[in-house]
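Here my numbering is used: the first residue of the sequence shown is 10, the next is one more, and so on. Working notes for the structure below.
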Amino acid sequence: MSAPAALQARGLGWATRGARIVEGVDLEVRPGEMLGLIGPNGSGKSTLLRLLAGILAPSAGEVLLDGQPMCALPRRALARRLAFVAQLADTQDAIEVRDAVELGRTPWLSALQPLSAADRAAVDAALAAVGLQHKRRSAWNTLSGGERQRVHIARALAQQPGVLLLDEPTNHLDIHQQLSLMQLVRSLPVTKLVALHDLNQALACDRLAVLSAGQIVARGTPQQILTPALLRDVFQVQATALIDPADGTPVLRFKPLDCLSHEPQDACRPVPGADRRPAGLGRKL
């Protein structure tokens with residue numbers, strides 16, 4: 010018998026004020042994999058993640074964690090097994106990096122119980138995993154956006170979860186921070202479900218699930234999912250794959266469909282010289 014999914018949704022739905030935001034979602038996250046959740050703005054990605062994290066109660070269906078109904082798990086037990094990194098999580102509190110990461114040990118502590126040697130070791134390991142040992146005594150308000158996001162991930166890792174959910178972790182970061190953070194997320198030795206806005210970042214996932222209008226419309230490997238037909242239907246773009254001559258990895262390039270159906274306008278015209286590349290590098294997906 011195969012092992013149960015690390016995280017599973019069965020017929021999951023959520024509605025507010027009569028509007029169905031998530032509807033009939035069936036989804037499995039396999040143990041140890043990195044599953045990317047993609048979809049256009051407003052498709053329900055953040056809501057689905059919050060349902061899967063147990064933050065929102067579903068109006069239909071259920072969520073299973075290692076085969077167990079999540080609704081039957083006490084909050085403390087759930088927080089020991091699953092962690093969630095929200096989008097745009099911030100604080101105005103005067104807090105140091107290490108203190109913020111120590112909050113991840115809360116599910117393992119009783120009221121007023123001080124940190125044990127094992128707790129401190131878990132915090133040290135989390136800081137090391139995100140490369141912020143040297144910033145452990147830095148104040149929150151002195152950190153860059155990328156460093157703050159790493160602190161949030163370290164706090165989640167300090168919970169020592171088996172499953173980690175991240176909601177667009179590279180949002181509002183510069184390109185260097187985006188690449189560095191995605192490399193970090195990919196390397197983490199836990200099961201990961203990551204909502205992503207950038208489809209080139211999605212290429213690094215083991216599998217993808219596509220959400221459109223609150224429903225899962227496709228699942229599979231990046232090569233199976235990121236096809237011209239699906240990208241046209243779901244994202245309203247024409248996609249072209251370029252092959253990076255340095256390492257042979259694919260890079261996706263997009264044009265909005267309205268630029269293809271009308272006379273060229275300034276907004277649709279490429280920057281002079283930006284489209285130059287060696288012959289043979291471009292191909293339609």
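Glycine included, C-beta positions come from ideal geometry on N, C-alpha and C. Computed from a predicted structure; not experimentally measured.
Exposed or buried, residue i, counting other C-beta atoms within 10 Å across all chains shown (16 or more means buried)?
| i | result |
| --- | --- |
| residue 289 | Bear in mind that a pLDDT of 40 at residue 289, under 50, signals an unreliable position, so the model cannot answer this. |
| residue 260 | exposed |
| residue 67 | buried |
| residue 161 | buried |
| residue 85 | exposed |
| residue 48 | buried |
| residue 61 | buried |
| residue 120 | exposed |
| residue 134 | exposed |
| residue 78 | exposed |
| residue 272 | Because the pLDDT of residue 272 is 46, which lies under 50, any placement of that residue in the model is unreliable, and the question is left without a value. |
| residue 146 | exposed |
| residue 15 | buried |
| residue 248 | buried |
| residue 131 | buried |
Figure out for me which residue from the options has the closest Cα to the Cα of residue i.
| i | options | result |
| --- | --- | --- |
| residue 56 | 149, 253, 69 and 30 | 30 |
| residue 91 | 237, 167 and 264 | 167 |
| residue 158 | 121, 82, 140 and 19 | 140 |
| residue 154 | 178, 207, 61 and 253 | 178 |
| residue 73 | 48, 96, 54 and 40 | 40 |
| residue 36 | 18, 137 and 255 | 18 |
| residue 94 | 27, 170 and 130 | 170 |
| residue 51 | 28, 70, 38 and 71 | 28 |
| residue 106 | 76, 137, 123 and 82 | 137 |
Under 6 Å Cβ to Cβ from residue i, same chain only, skipping five residues before and after it: list those, please.
| i | result |
| --- | --- |
| residue 226 | 219 |
| residue 307 | It is not possible to answer for residue 307, since the shown part of the chain is limited to 10 through 294. |
| residue 87 | 63 |
| residue 58 | 174, 176 and 204 |
| residue 80 | none |
| residue 281 | Note that residue 281 has pLDDT 39, beneath the 50 cutoff, so the model's placement of it is unreliable and no number is given. |
| residue 228 | 218 |
Closer than 7 Å by C-beta to residue i: which residues in its own chain qualify, once you throw out the five before and the five after it? Chain order, please.
| i | result |
| --- | --- |
| residue 246 | 240, 263, 264, 265 and 266 |
| residue 53 | 30, 31, 220 and 223 |
| residue 164 | 109, 110, 112 and 113 |
| residue 206 | 177 and 180 |
| residue 231 | 211, 212, 214 and 217 |
| residue 116 | 85, 88, 89 and 168 |
| residue 33 | 20, 22 and 224 |
| residue 234 | 217, 219 and 227 |
| residue 3 | The shown model of the chain, from 10 to 294, leaves out residue 3, and the question about it has no answer. |
| residue 12 | 40 |
With a threshold of 8 Å between beta-carbons, can residue i be considered close to chain C, or not?
| i | result |
| --- | --- |
| residue 205 | The structure shown contains no chain C, having only a single protein chain. |
Sorted by chain position, which residues of the same chain lie with C-beta nearer than 8 Å to residue i's C-beta, five sequence neighbours on each side aside?
| i | result |
| --- | --- |
| residue 182 | 154, 155, 158 and 190 |
| residue 102 | 149 |
| residue 104 | 148 and 149 |
| residue 70 | 18, 19, 20, 21, 22, 33 and 34 |
Does the structure place the region 22-33 close enough to the region 180-191 that three or more beta carbon pairs sit under 8 Å?
no
Exercise. Mind listing, in chain order, the continuous beta strand (DSSP E) runs of no fewer than 3 residues lying wholly within the region 161-213?
Key: 172-176 and 200-204
| said: Does the region 31-48 come into contact with the region 197-204, if we say contact requires no fewer than three beta-carbon pairs (one atom in each stretch) closer than 8 Å? | reply: yes
- Query: For the region 223-250, which segments carrying the alpha helix (DSSP H) assignment without a break, of at least 4 residues, lie completely within its bounds, in sequence order?
  - Reply: 231-234 and 237-244
> Which residue spans inside the region 22-98 form an unbroken alpha helix (DSSP H) run of at least 4?
Replying inline: 54-61 and 84-90
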